[in-house]
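This note's numbering puts the first residue of the sequence shown at 1, with every later residue one more than the last. To start, the structure itself, in structure tokens.
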Amino acid sequence: MSSYPAFQIIATKTETDPVCGMQVNPEKAAASSEYQGKTYFFCCAGCKKKFDAAPEQYLAPQPKQPEPAIPGAQYTCPMHPEVIRDGPGSCPICGMALEPREVTADEVDPELVDMRRRFWISVALTVPLLVLMFLHGAEWLQLVLATPVVVWCGAPIFQRGWASLVNRHLNMFTLISLGTGAAYLFSLAAVIAPNALPAGFRNEAGEQPLYFESAAVITALVLLGQVLEARARAQTSSALKSLLSLAPKTARLISDNGERDVPLEQIHAGDRLRVRPGEKVPVDGVVVEGSSSVDESMVTGESIPVEKLPGARVTGGTVNGTGGFVMKAERVGRDTLLSQIVRLVSEAQRTRAPIQRLADRVSGYFVPAVVLTAVITFVVWAMAGPEPRLAHALVNAVAVLIIACPCALGLATPMSIMVGTGRGATAGVLVRNAEALETLQKIDTLVVDKTGTLTEGRPKLTAIRPVAPWSESELLRLGASLEQSSEHPLAGAVVAAAKERYLELLPVRNFQSSTGQGIKGTIDGHAVLVGNQRYLESAGIETSTGGAQEGQPVIFVAIDGQFAGSLEIADPIKATTPEAVKLLHAEGVRIAMLSGDTRTTALAVARKLGIDHVEAEVLPAAKSAFIKNFQAEGHVVAMAGDGINDAPALAAAQVGIAMGTGTDVAMESAGITLVHGDLRGIARALRLSRATMRNIRQNLFFAFFYNVLGVPIAAGILYPFFGILLSPILASAAMTFSSVSVIANALRLRRVAL
Numbered sequence: 001m002s003s004y005p006a007f008q009i010i011a012t013k014t015e016t017d018p019v020c021g022m023q024v025n026p027e028k029a030a031a032s033s034e035y036q037g038k039t040y041f042f043c044c045a046g047c048k049k050k051f052d053a054a055p056e057q058y059l060a061p062q063p064k065q066p067e068p069a070i071p072g073a074q075y076t077c078p079m080h081p082e083v084i085r086d087g088p089g090s091c092p093i094c095g096m097a098l099e100p101r102e103v104t105a106d107e108v109d110p111e112l113v114d115m116r117r118r119f120w121i122s123v124a125l126t127v128p129l130l131v132l133m134f135l136h137g138a139e140w141l142q143l144v145l146a147t148p149v150v151v152w153c154g155a156p157i158f159q160r161g162w163a164s165l166v167n168r169h170l171n172m173f174t175l176i177s178l179g180t181g182a183a184y185l186f187s188l189a190a191v192i193a194p195n196a197l198p199a200g201f202r203n204e205a206g207e208q209p210l211y212f213e214s215a216a217v218i219t220a221l222v223l224l225g226q227v228l229e230a231r232a233r234a235q236t237s238s239a240l241k242s243l244l245s246l247a248p249k250t251a252r253l254i255s256d257n258g259e260r261d262v263p264l265e266q267i268h269a270g271d272r273l274r275v276r277p278g279e280k281v282p283v284d285g286v287v288v289e290g291s292s293s294v295d296e297s298m299v300t301g302e303s304i305p306v307e308k309l310p311g312a313r314v315t316g317g318t319v320n321g322t323g324g325f326v327m328k329a330e331r332v333g334r335d336t337l338l339s340q341i342v343r344l345v346s347e348a349q350r351t352r353a354p355i356q357r358l359a360d361r362v363s364g365y366f367v368p369a370v371v372l373t374a375v376i377t378f379v380v381w382a383m384a385g386p387e388p389r390l391a392h393a394l395v396n397a398v399a400v401l402i403i404a405c406p407c408a409l410g411l412a413t414p415m416s417i418m419v420g421t422g423r424g425a426t427a428g429v430l431v432r433n434a435e436a437l438e439t440l441q442k443i444d445t446l447v448v449d450k451t452g453t454l455t456e457g458r459p460k461l462t463a464i465r466p467v468a469p470w471s472e473s474e475l476l477r478l479g480a481s482l483e484q485s486s487e488h489p490l491a492g493a494v495v496a497a498a499k500e501r502y503l504e505l506l507p508v509r510n511f512q513s514s515t516g517q518g519i520k521g522t523i524d525g526h527a528v529l530v531g532n533q534r535y536l537e538s539a540g541i542e543t544s545t546g547g548a549q550e551g552q553p554v555i556f557v558a559i560d561g562q563f564a565g566s567l568e569i570a571d572p573i574k575a576t577t578p579e580a581v582k583l584l585h586a587e588g589v590r591i592a593m594l595s596g597d598t599r600t601t602a603l604a605v606a607r608k609l610g611i612d613h614v615e616a617e618v619l620p621a622a623k624s625a626f627i628k629n630f631q632a633e634g635h636v637v638a639m640a641g642d643g644i645n646d647a648p649a650l651a652a653a654q655v656g657i658a659m660g661t662g663t664d665v666a667m668e669s670a671g672i673t674l675v676h677g678d679l680r681g682i683a684r685a686l687r688l689s690r691a692t693m694r695n696i697r698q699n700l701f702f703a704f705f706y707n708v709l710g711v712p713i714a715a716g717i718l719y720p721f722f723g724i725l726l727s728p729i730l731a732s733a734a735m736t737f738s739s740v741s742v743i744a745n746a747l748r749l750r751r752v753a754l
């Protein structure tokens, strides 16, 4: 085989399988072969075997893809995300129309436009055809009316059916093409060469039945199903489109030549923009002048407007309140949080949940089993059915082929995932992959990092306790003046508190620092010492904690050799944390806190919140070991952290949940990201996971139940007992209803309460 030329060499980037055209990732390729010393990757062992058996069959260049409807856009199958094309078309596996990989706010679905046109033309020709079926002697007119319906209107159905045979991936279009084609070709032969057909097709009057109306009605109903599916699938991305529509079209740019409105595409990082009352924030950035309150509900899920002062960050697409401010643009275009959310959720919608494997396994055997059932049905009716036996055999075999719709089975999981992840995006819950969404419903233990998750993550001055004759403002001003020269993490909290009170900080002379203990210097003629208790006592100065709360860091201040008071620092618990802990406990989730702080500090926070398990003085690298211990005990663990220094623990947990702004590293390091960054988002994510999985199970049950019930009825199992036969027309209507009902059930997730 080494003499064959290379078709596609897949080594460092993703390419397509030369057999079935599916996208192949070298890291995940199921099979590979060596040809001419080069490695060829294939999507599965089946494709490899086919390639090995007859490589010359697959070494021909691939046909040129049609031009993309959206310039530069790539298209993928909603049921088989590994299939990627440079233009619209149909999936080589299931036959479904491909969709753009990236959602846009104003995209037009070419599949919907085409199928709608074909459907209405088929209706216009099928209605008079149904009238003619009651008239005798109008066979040629029936042929004239039915032919454009089946041949032109149904062309996409037959094209996809043929492609399924060529690609050896049998699907619903295989069955529909066989059934409709058989009905039409038999009727065509009955009109053109009636004497050539076996006598078994004739009734007692010697007439041969025609099935033009069945072929036409089935084609029209299948086209209707495609129209309804396309419309319903478009609604699955409505949440993302609504997010995209939040971004304004223009922004108010401030330049040396004054202010003017410019298209959003002309805004660059560093530009100064004015946001007026009631306007939408154009891009991500930071407030530099003015103040206002901003409604961030469509991004974070929180309905209460957030106060924005100079230095505060604002997000593109959020709605400004009654105030006005000037902002500096930092992230524009595809880098904005809004664009990242849409891109992240779009990718998540194309991932596969583990539960999908069941449907995949069943679908792999389903279509061949249906074809075999149709053949058996034909044989049984031809041998033992009433006269005309062959006519009854043909009708029932066609009904079996038409009613068995694997599309409903294949759609059951992807549609629910698409709608569920879109719903989560509007509530500030970003799902990175379907596996995380499925696993989240099973968790019984939530591991959280204290700083930035339970608490604000920014130390604040909580109490000033001066000793006479010093006042609070004097103690804070002298302490902050000295601390402004320090690099200690707590120093910033003291300086920030002084600035909030508009205290003037004084210059420092003779500054000295003792690492890990404290600092000293001369300020306005006073000798000032700031540090821990041990530092002041080493200088012979007695101190007092003065009623400081347990676990809170205390900074002691001495002035001119005398104890002057203390400053208490704390990382405040988020206002939403107590409510979130109660919600999670109500859902049956045990909460464990891993913290790098001292045990005293960690226990104080845990007691206040009712945390179930505490591990203190834990280094970030060691957190994953504690998670593995929980898992070894049989717990299903989710880890919530900031997505940066907690990355090893996030990866170790069954579900990693990144808290924070939902940008960059946080989005990349966990299966789920909470945009708003408080624990209530985890309760929302848990409800979303359980609702989505419940919806998937409903869809799978309906798809299985429909086929288990429908195929035997179409085969004629009721005829010996009740004399009931299912016509191909009713079978086609049932097939259409099954797919649409699965999608309609998935769309209910758009209204689930989180």
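A virtual CB, placed ideally from N, CA and C, is assigned to each residue, including glycine. Note that the coordinates shown come from a computational prediction; the quantities given were computed from them, not determined experimentally.
Spell out the partners DSSP gives residue i in its beta bridges.
{"i": "Ala163", "result": "According to DSSP, Ala163 bridges with nothing at all."}
{"i": "Val554", "result": "Glu568"}
{"i": "Tyr75", "result": "Arg85 and Pro100"}
{"i": "Thr455", "result": "Ile573"}
{"i": "Asn320", "result": "Val294"}
{"i": "His613", "result": "Ala592"}
{"i": "Gly258", "result": "Ser255"}
{"i": "Asp335", "result": "Looking at the DSSP assignment, Asp335 forms no beta bridge with any residue, so it has no partner."}
{"i": "Val287", "result": "Met327"}
Just to check my reading of the structure: residue i and residue j have Cβ atoms closer than 8 angstroms, yes? What is that Cβ distance to the nearest angstrom?
{"i": "Gly790", "j": "Leu437", "result": "With the chain represented from 1 up to 754, any question about residue 790 goes unanswered, as that position is not in the structure."}
{"i": "Val448", "j": "Leu454", "result": "6 angstroms"}
{"i": "Ser291", "j": "Pro305", "result": "With 8 angstroms as the limit, Ser291 and Pro305 do not qualify as a contact, their Cβ atoms being about 12 angstroms apart."}
{"i": "Leu129", "j": "Gln142", "result": "6 angstroms"}
{"i": "Glu213", "j": "Met133", "result": "5 angstroms"}
{"i": "Thr250", "j": "Asp284", "result": "Actually they do not touch by this definition, with Cβ atoms about 16 angstroms apart."}
What is the DSSP secondary structure of residue i, reduced to helix, strand or coil?
{"i": "Gln512", "result": "strand"}
{"i": "Ile464", "result": "strand"}
{"i": "Val342", "result": "helix"}
{"i": "Met593", "result": "strand"}
{"i": "Gly656", "result": "strand"}
{"i": "Lys450", "result": "helix"}
{"i": "Asp295", "result": "strand"}
{"i": "Ser473", "result": "helix"}
{"i": "Ile355", "result": "coil"}
{"i": "Arg272", "result": "strand"}
{"i": "Pro648", "result": "helix"}
{"i": "Leu754", "result": "coil"}
{"i": "Pro263", "result": "strand"}
{"i": "His169", "result": "coil"}
Smallest Cα separation from residue i: which of the options?
{"i": "Thr315", "options": "Met327, Phe701 and Thr322", "result": "Met327"}
{"i": "Ile713", "options": "Glu537, Ala498 and Ala399", "result": "Ala399"}
{"i": "Ser760", "options": "Arg118, Ile672, Arg465 and Leu440", "result": "Only positions 1 to 754 of the chain appear in this structure, which leaves residue 760 out of reach."}
{"i": "Leu188", "options": "Phe173, Pro209 and Asn171", "result": "Pro209"}
{"i": "Ser739", "options": "Arg101, Glu229, Arg160 and Gly89", "result": "Glu229"}
{"i": "Glu265", "options": "Arg334, Leu178 and Leu747", "result": "Arg334"}
{"i": "Ser122", "options": "Pro720, Val222 and Met383", "result": "Val222"}
{"i": "Leu479", "options": "Asn433, Ala558, Cys405 and Leu536", "result": "Here residue 479 is Gly; the residue named in the question, Leu, does not match the sequence. Ranking Asn433, Ala558, Cys405 and Leu536 by Cα distance to Gly479 puts Ala558 first."}
{"i": "Ala564", "options": "Pro578, Ile541, Pro572 and Lys582", "result": "Ile541"}
{"i": "Pro760", "options": "Gly588, Val217, Ala640 and Glu537", "result": "No information on residue 760 is available, as it lies outside the stretch 1 to 754 that the chain covers here."}
{"i": "Thr445", "options": "Arg590, Val375, Pro507 and Gly457", "result": "Arg590"}
Among the residues of its own chain, which have a CB less than 6 angstroms from the CB of residue i, if the five just before and after it don't count?
{"i": "Gln441", "result": "Ser689, Arg690 and Met693"}
{"i": "Tyr211", "result": "Ala183 and Ser187"}
{"i": "Arg751", "result": "none"}
{"i": "Arg361", "result": "none"}
{"i": "Glu111", "result": "Ala97 and Ala230"}
{"i": "Gln552", "result": "Glu568 and Ala570"}
Within its chain, find whatever has a CB closer than 7 angstroms to the CB of residue i; leave out the 5 residues flanking it on each side and keep chain order.
{"i": "Val287", "result": "Lys308, Leu309, Pro310, Gly311, Ala312, Val314, Phe325 and Met327"}
{"i": "Ile174", "result": "The question names Ile, yet the displayed sequence has Thr at residue 174. Closer than 7 angstroms at Cβ, skipping near neighbours: Gly161, Ser164, Leu165 and Val367."}
{"i": "Ser416", "result": "Thr692, Asn695, Ile696, Asn699, Ala746 and Leu749"}
{"i": "Gly610", "result": "Val581"}
Can you find a heavy atom of the ligand MG that lies under 8 angstroms from the Cβ of residue i?
{"i": "Ala753", "result": "Looking for the ligand MG in the displayed structure turns up nothing, as the structure carries no ligands at all."}
Spatial neighbours of residue i within its chain, please: C-beta separation below 8 angstroms, excluding the five flanking residues on both sides.
{"i": "Val711", "result": "Val370, Thr373, Val400, Ile403 and Ala404"}
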